[in-house]
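Asks: Here's a structure for you.
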Amino acid sequence: MPAQLLALTDGPSIVLDKPILLLGRHPECDIQIESRKVSRRHCCIAQVADYLVVRDLDSTNGIRINGARVQEGKLHHGDELTIGNNRYQVSWSDAAPQPQASLLKRELAPVAPVVDPNDDDELLEACENPVPLAEPVGLKLPVAPRLAKPLKPPPPPEPAPEALILPDDIPLAPASGSHSGH
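Numbering (our numbering), first residue to last: 107 to 288.
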């Protein structure tokens, strides 16, 4: 049976019914998450045997696995994935029933709430670009290193050939006899 991301916050659960899925706000994404805290192309998820691999696509607010911000990581049954400010629990349909979301909070790594009392969600949702979430105060989270090798810088551009400057008064050669006008 396909894996699922069971919504722990507002929003629908997500069925992972393809080998690789692109998640984000953009209409061309396989899974669209309508939140300004989610980037246009936020992350991708690939199913590998009995686990999933999730990779952040340089999104504004990143992804978290069990509360730890990561660039890429494995997701197993029961893990919590946070995309922007949407929280999901990884589940396989044929697995044992999971505890309710209120019980999960005790089992997972502690996460400081990311709540800004001045935050007006309607204002954030009306923004054109993703809005960065505030990092939890007093909690340093590990950031996984990037796995891809940095690209080599491009070679310096070839110098432009010197421009040819012609004087304004160029004397013309005399016309040959074959082109006489008579």
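Ideal placement from N, C-alpha and C gives every residue a C-beta, glycine not left out.
No experiment lies behind these values; they were computed from the predicted model shown.
#1: For residue 115, which residues from the same chain have a beta carbon less than 6 angstroms from its beta carbon, with the 5 sequence-adjacent residues on both sides left out?
#2: Let me confirm a value: residue 124 is counted as buried when at least 16 other C-beta atoms fall within 10 Å, else exposed. Which label applies?
#3: So what's residue 116 in DSSP terms, helix, strand or just coil?
#4: Can you tell which of 183, 141, 177, 176 has the C-alpha that lies nearest to the C-alpha of residue 118?
#5: Per the DSSP calculation, residue 180 is bridged to which residue(s)?
#6: Mind reading off the beta-carbon distance from residue 109 to residue 198? Whole number of angstroms is fine, and I expect it under 8 angstroms.
#7: What do you reckon, are the CB atoms on residue 146 and residue 131 nearer than 7 angstroms?
#8: Among 278, 189, 126, which one has its Cα closest to the Cα of residue 238?
#9: Nearest to residue 136 by CA position, among 144, 143, 122, is which residue?
Replies: If we stick to the structure as given:
#1: Contacts found: 192, 193.
#2: Per the 10 Å Cβ criterion, exposed.
#3: Three-state DSSP puts residue 116 in coil, outside helix and strand.
#4: Of all alpha-carbon atoms in 183, 141, 177, 176, the one lying nearest the alpha-carbon of residue 118 is that of 141.
#5: In the DSSP output, where bridge partners are listed per residue, residue 180 has 159.
#6: The pair is a contact, with the Cβ atoms about 5 angstroms apart (cut-off 8 angstroms).
#7: Yes; because the gap between Cβ atoms is below 7 angstroms, this pair is in contact.
#8: When C-alpha distances from residue 238 are compared across 278, 189, 126, the shortest belongs to 189.
#9: Between residue 136 and the set 144, 143, 122, the nearest pair of CA atoms involves 122.
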